[in-house]
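In this text, residue positions in the sequence shown follow my numbering: the first is 142, and each later residue adds one.
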Amino acid sequence: SDLKSFFVSGGYFTGNTILKLNVFSGLETTYQAWNGIPSVRLNNDAAGMQRYADHYLYTQQQVDEMVNSGSRTYNLYTYENQVDHYQQNHYQLLFSHQLNDMFNFNASLFYTGGKGYYEEYQNDQKLTDYLITPPVYGNDTIQYSDLIRRKWLDNDFYGMTFSMTQKKETSEFTLGGGYNIYDGNHFGKV
142 SDLKSFFVSG GYFTGNTILK LNVFSGLETT YQAWNGIPSV RLNNDAAGMQ RYADHYLYTQ
202 QQVDEMVNSG SRTYNLYTYE NQVDHYQQNH YQLLFSHQLN DMFNFNASLF YTGGKGYYEE
262 YQNDQKLTDY LITPPVYGND TIQYSDLIRR KWLDNDFYGM TFSMTQKKET SEFTLGGGYN
322 IYDGNHFGKV
């Protein structure tokens, strides 16, 4: 794993008012092991491993890798760059003002931007499933190929929240709301 992050916060404070800015971000690149270790591999159950492989349509190479791996080190993903790579940046502007002994007003603006992908090796894929025209060599048309694909996410999430609170001796009433927009783009590259 390669993980990086930071957090910075600053504010302006008076007797009745708080204005605060938070900025934080994180970047991660991690090797994938999403499926974990099947219990049949963990328990060294040879017959169970074969049933598991048959159920999930493993290739013979995948079966051999599972059977020959250590019970606590097996990973279906063997491609060296089978990674998840993602960065997310956050910006928050927070405002609070005590109007008087009874009323307090709060508001916030925020933006979160993220972009990243996961990369994976896929064997024997039908090229037209990826909108790739099968190449023709002489009389042979290549319909299937091994390939490396990246599935991308590029997103923006932003909005605002607000609230007004009234405090009395025996009660407190808060009215608030928010408005949010999410713009996300999901796409792939081969």
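Using N, Cα and C, we set each Cβ at its ideal position, and we do this for glycine too.
Helix, strand or coil at V208 [DSSP, three-state]: helix
Considering only the alpha carbon of each residue, which of F298, N245, Y172 lies closest to L217? Y172
Determine the burial state of G152: buried for a count of at least 16 other Cβ atoms within 10 Å of its Cβ, exposed for fewer. exposed
For my contact list, Q229 and G167 are in at a C-beta cut-off of 8 Å; report their separation, rounded to the angstrom. 6 Å
At which residue ranges does the segment 281 to 310 contain complete beta strand (DSSP E) runs of 3 or more residues, listed in the order of the chain? 285 to 308
Would T306 and G319 be called neighbours here (beta carbons separated by less than 8 Å)? no
Tell me the DSSP secondary structure of S142 in three-state form. coil
Are the CB atoms of R182 and Y215 nearer to each other than 8 Å? yes
Touching or not, the segment 259 to 270 and the segment 203 to 211, by the rule of three or more beta carbon pairs under 8 Å? no
Quick one: complete beta strand (DSSP E) runs, 3+ long, within the segment 194 to 254? 224 to 239
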